[in-house]
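The block underneath contains the structure these notes are about, expressed in structure tokens.
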Amino acid sequence: MMNKQYHSDGSYCNGGTSNNVKCVKCHGGAAFESNNTSYCEKCFLAMVKGKFRSSLSKRRIFRDKDSRKALVVLDGSRESAFLFRQIEDSVKQTNFKRLMIEPSFLLLLWSLNISEIRAMIKKLSVLQQALPCTYFVVHLAAIFGSLHLSDNIGCIGIQHVSRLDTFLRSFRTTYLREEMIRLLTQRLIREFSKCVGISKVMVPSSGDDLARLAMSQLCLGRGGAVSDMTDVVENTSQGITLIRPLRSVSSKEIATALQLENVEHYVLLPPVPNATNAYYAYEARSKGSIQESTSRFLNNLQEDGFKGTVPNILGATSKIHIRNSGRFCSLCECYFCEEGALCYTCSNIMNELPFSIVDVFPLRLHFMPCD
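Going by our numbering, the first residue of the sequence shown is number 2, and it counts up by one from there.
The following block contains the structure:
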């Protein structure tokens, strides 16, 4: 008869029944694997949660009593659901494990399908019941109007969805359209955080997401900015601090953790076969793009057994730095060393647009009004 295995707190380890594979922490039967390391169920969850908390504690982000407010961005993805779950679990702790943070949540929608938008807003009630806080719902189309924060019962910007659709369809190449969606999303997040007066913003980017971002940005010519784009903490030129607490967590670990904690209903997006991150999902699956190609490349490497691909990419990007010239691009807000108002990549984006669209291009986001 196999001897029972127990955790240090006296609880029984039910991770598995295999005599060959043992949990690296409690030495009980292991049922889950991460980076060639085996865990039982309880130790696996502790490991994944530890990555989230470690990313925040090492940077001492919320140690100051005057800066505990944070705007948490949700996009309906699995990564978004996992981030919400970690914050929910952390703020509900009654002992020393409680995360000293005052969260407000921003559900950022990008879909052009009105029925899908309404379905996601309806699902938001699940999160609101799980963790009563301040919630805002904003559509990416809000870039074409002002942010009416007093009307946060509905979806801010939904009346401009058709204008956003027309604007995005004006791009001839898919990869530039995908990049524009990412740029406008990041700009809207920064502008909204300034409107609500919260300078710290958490975004749901996993290690896989950031590795894909790094590869695609290298292909687009923004190699000098990938270190800031993929770091745990990014201090932007507009005074906003972007926090990526899931940088060391993989998408596979996130999917497993959601299943083990039985919180898969926190995922607001409808299931899409072979879905990529929400920021890269406009049209790439049907026509192809740099973003989709790099995603497939990384996925294939990991499926072929190269499990250290993502950590190696992020480790390499952290060493890439460019000399601060004091001049940043007026569109992507990245520092660059060239002459003019736009970096090389953003110049290509603007050259892609017809003159009729350039006239209504929302570059005025630097001065986006808050009502």
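From the three backbone atoms N, C-alpha and C, an ideal C-beta is built for every residue, glycine too.
Distance between residue j and residue i (C-alpha atoms, nearest Å)
| i | j | result |
| --- | --- | --- |
| Ser35 | Asn300 | 16 Å |
| Gly225 | Ile118 | 36 Å |
| Leu366 | Leu109 | Residue confidence for Leu366 is low, a pLDDT of 40 falling below 50, so the modelled location carries little weight; the figure read from the coordinates is stated next. About 17 Å. |
| Lys50 | Met203 | 16 Å |
| Phe368 | Leu72 | Note that Phe368 scores 42 on pLDDT, short of 50, meaning its location in the model is unreliable and no value can be drawn from it. |
| Lys373 | Asn21 | In the structure as shown, the chain begins at 2 and stops at 372. Residue 373 is therefore absent and cannot be evaluated. |
| Asp305 | Ile255 | 20 Å |
| Ala142 | Cys27 | 50 Å |
| Leu184 | Ser348 | 13 Å |
| Val197 | Leu150 | 8 Å |
| Phe388 | Cys344 | Residue 388 lies beyond the stretch modelled for the chain, which goes from 2 to 372, so this question has no answer here. |
| Gln292 | Arg188 | 19 Å |
| Arg245 | Met230 | 10 Å |
| Arg191 | Met48 | 31 Å |
| Thr186 | Gln239 | 15 Å |
| Gly158 | Met181 | 18 Å |
| Val268 | Ser78 | 6 Å |
| Asp152 | Phe137 | Low per-residue confidence applies at Asp152: pLDDT is 48, beneath 50, and the placement is therefore not dependable, though the value from the model is reported in the following sentence. Those two C-alpha atoms are separated by around 9 Å. |
| Ser171 | Leu354 | 6 Å |
| Asn352 | Arg328 | 21 Å |
| Ser228 | Phe337 | 13 Å |
| Ala31 | Ser58 | 28 Å |
| Glu103 | Arg69 | 6 Å |
| Cys330 | Gly155 | 33 Å |
| Glu235 | Ile321 | 14 Å |
| Thr346 | Ser217 | 12 Å |
| Met101 | Val250 | 21 Å |
| Gly17 | Asn96 | Any reading at Gly17 must be qualified, since the residue scores a pLDDT of 46, below 50, and its modelled position is unreliable; the value itself is stated next. Rounded to the nearest angstrom, the two C-alpha atoms are 30 Å apart. |
| Arg61 | Asp232 | 15 Å |
| Phe145 | His161 | 7 Å |
| Ser112 | Phe53 | 28 Å |
| Cys134 | Lys93 | 12 Å |
| Ile199 | Ser55 | 22 Å |
| Thr38 | Val25 | 7 Å |
| Arg248 | Ala212 | 9 Å |
| Thr175 | Arg297 | 16 Å |
| Tyr7 | Gly29 | The predicted model places Tyr7 with a pLDDT of 42, which falls under 50 and marks its position as unreliable; any figure quoted below should be read in that light. Each residue's alpha carbon lies about 7 Å from the other. |
| Lys23 | Phe63 | 36 Å |
| Glu284 | Leu177 | Caution is warranted here: a pLDDT of 46 is assigned to Glu284, below 50, making its placement in the model unreliable, and the coordinate value is therefore given only provisionally. When rounded, the distance between both Cα atoms is 11 Å. |
| Thr242 | Glu265 | 29 Å |
| Asp76 | Pro271 | 12 Å |
| Lys43 | Glu179 | 39 Å |
| Thr310 | Leu214 | 14 Å |
| Leu1 | Ser319 | It is not possible to answer for residue 1, since the shown part of the chain is limited to 2 through 372. |
| Ala120 | Val139 | 14 Å |
For residue i, the first and last residue of its enclosing beta strand (DSSP E)
| i | result |
| --- | --- |
| Ala71 | 70-75 |
| Asn236 | 234-236 |
| Tyr40 | 38-40 |
| Glu34 | 33-35 |
According to DSSP, residues forming a beta bridge with residue i
| i | result |
| --- | --- |
| Val202 | Leu72, Leu243 |
| Phe379 | The requested residue 379 does not occur in the structure, where the chain is confined to residues 2 to 372. |
| Lys23 | Gly30 |
| Ile157 | Val139 |
| Tyr336 | Phe329 |
Terminal residues of the alpha helix (DSSP H) in which residue i lies
| i | result |
| --- | --- |
| Glu265 | Element bounds for Glu265: n/a, residue is neither H nor E. |
| Ala212 | 208-221 |
| Phe193 | 175-197 |
| Ser391 | The chain is shown from 2 up to 372; residue 391 falls before or after that span and cannot be answered. |
| Pro312 | 310-318 |
| Phe172 | Taken as a continuous stretch (DSSP letters only), Phe172 belongs to no alpha helix (DSSP H), as it is neither H nor E. |
| Arg99 | Neither: Arg99 is in no alpha helix (DSSP H) and is coded neither H nor E. |
| Cys347 | 345-353 |
| Val250 | Note, Val250: premise wrong, no alpha helix (DSSP H); not H, not E. |
| Leu113 | Run containing Leu113: none; DSSP gives neither H nor E here. |
| Ile88 | 79-92 |
| Thr231 | 227-231 |
Any non-hydrogen atom of the ligand GDP closer than 8 Å to residue i Cβ
| i | result |
| --- | --- |
| Ile122 | Of the ligands one can find in the structure shown there are none, so the ligand GDP has no counterpart to examine. |
Q: Could you tell me whether the stretch 213-230 touches the stretch 124-141, using the rule of 3 or more Cβ pairs below 8 Å?
A: no
Q) Okay, do the stretch 166-174 and the stretch 206-213 touch, 3+ Cβ pairs below 8 Å being the bar? A) Segments in contact, no.
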